[in-house]
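Here is the structure we will look at.
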Amino acid sequence: MPNHSSPSSSPQKTIPYHIGFIIDGNRRWARAKGLPTLIGHQKGIKRIEEIMEYAQKSGVKIVTIYAFSTENWKRSKKEVAYLMQLFENFATNQINVAAKSGVQIKILGNPKKLPESLQKTLQKVVESTKNNQKIIVNVALNYGGRDEIVRTFRKLTTLGVKTEEITEELINQNLDTAGLPDPDFIIRTSGEQRLSNFLPWQATYSELYFPQVCWPDFDKKQFDLAILEFQKRQRRLGK
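Here you go:
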């Protein structure tokens, strides 16, 4: 595959620098196979680890995974509890393999509502991987784009920023993704064609791709097909 693009541009025949994944379809995948929906989530977590590794080998520098939204709390207590345990297992595993994998984990969203044990584990994985440089993986947990923007403006207010001092750059510097380039490419699996509150500020110029395959079946071949689709796009960025 060709080399990745710079954060500021993604000309044709390049690998996107930053890919966002809306990992949809875990429950649908399980139901289609006559399996408990929790098995779909389990398979989905394993797929995240596989795609993280393959994206890094392909030249992608940043991956953002939409793992649990602010709206997902509406699901059953049993399902939410299972997901929280899966996330904690995932984070613990990343602590154990961080030195070898070279993955730097960052957390997007408001962690305060997450279980205390998960919060502590997330703090550990962020700290233990902060110097890794092969790929950055943002995991969006209790994340909602509108919530992020509200939190950002509240932060600016707390800092005493005056209305006339607010700029796009200042907002960028105080988002959950501060210091990172916006995603070049956003992939939502399972065929649904909407962003569902995922990075609304950052996705302004992102290329969007909606494969029919559910997330547990989004394998390396599907990843390659997505990259080929990205390479067909002409990204003018307003020019």
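The sequence shown begins at 1256 in the working numbering and counts up one residue at a time. Think of the CB as a built atom: it goes at the ideal place given N, C-alpha and C, for glycine as much as any other residue.
Taking all protein chains shown into account, decide if residue i is buried (16 or more other Cβ within 10 angstroms of its Cβ) or exposed.
i: VAL1380; result: buried
i: VAL1392; result: buried
i: ALA1433; result: exposed
i: ALA1395; result: buried
i: ALA1481; result: buried
i: GLN1457; result: buried
i: GLN1349; result: buried
i: ALA1346; result: buried
i: ARG1449; result: exposed
i: THR1459; result: exposed
i: TYR1272; result: buried
i: ARG1401; result: exposed
i: MET1256; result: Below a pLDDT of 50, predicted positions are generally treated as unreliable, and MET1256, at 44, falls in that range; the measurement from the model is reported next regardless. The residue is exposed, with fewer than 16 neighbouring Cβ atoms inside 10 Å.
i: LEU1414; result: exposed
i: LEU1425; result: exposed
i: THR1412; result: exposed
Cutting at 6 Å between CB atoms, please list the residues of its own chain near residue i, excluding the five before and the five after it.
i: PRO1370; result: MET1339
i: GLN1467; result: GLY1446
i: GLY1383; result: The question names Gly, yet the displayed sequence has Ser at residue 1383. Answer for SER1383: ILE1350, ALA1353, listed in chain order.
What residues in its chain sit with their C-beta under 8 Å from that of residue i, if we drop five residues either side in the sequence?
i: THR1292; result: ASN1281, ARG1282, ALA1285, ARG1286, GLU1334
i: THR1376; result: GLU1343, ALA1346, THR1347, ILE1350
i: GLY1357; result: GLN1311, ASN1387, GLN1388, LYS1389, ILE1390
i: GLN1493; result: Per the sequence presented here, residue 1493 reads as Gly, with Gln not at that position. If we look at GLY1493 and ignore the five residues flanking it on each side, its Cβ neighbours are TYR1460.
Suppose the cutoff is 7 Å on Cβ atoms and the five residues either side in sequence are ignored; what does the same chain contact list for residue i look like?
i: ILE1235; result: Outside the displayed span of the chain (1256 to 1494) sits residue 1235, for which this structure offers no information.
i: ARG1302; result: TRP1470, PRO1471, PHE1473
i: GLU1484; result: TYR1464
i: GLN1297; result: LEU1341
Confirm, please, whether the CB-CB distance from residue j to residue i is below 7 Å.
i: GLN1311; j: ILE1360; result: no
i: PHE1478; j: TYR1309; result: yes
i: GLY1364; j: TYR1337; result: no
i: ASP1279; j: GLU1403; result: no
i: GLU1343; j: LEU1373; result: yes
i: ILE1441; j: GLY1314; result: no
i: LYS1410; j: ASN1429; result: yes
message = Quick check on the DSSP output: what are the complete alpha helix (DSSP H) runs of length 4 or more inside the region 1289 to 1367, in order along the chain?
response = 1292 to 1313, 1332 to 1356
key: Continuous beta strand (DSSP E) assignments of at least 3 residues falling wholly in the region 1404 to 1491   = 1440 to 1443, 1462 to 1464
key: Given 8 Å, three or more beta-carbon pairs between the region 1447 to 1455 and the region 1319 to 1335   = yes
key: Any beta strand (DSSP E) of 3 or more consecutive residues that is wholly inside the region 1377 to 1405   = 1390 to 1398
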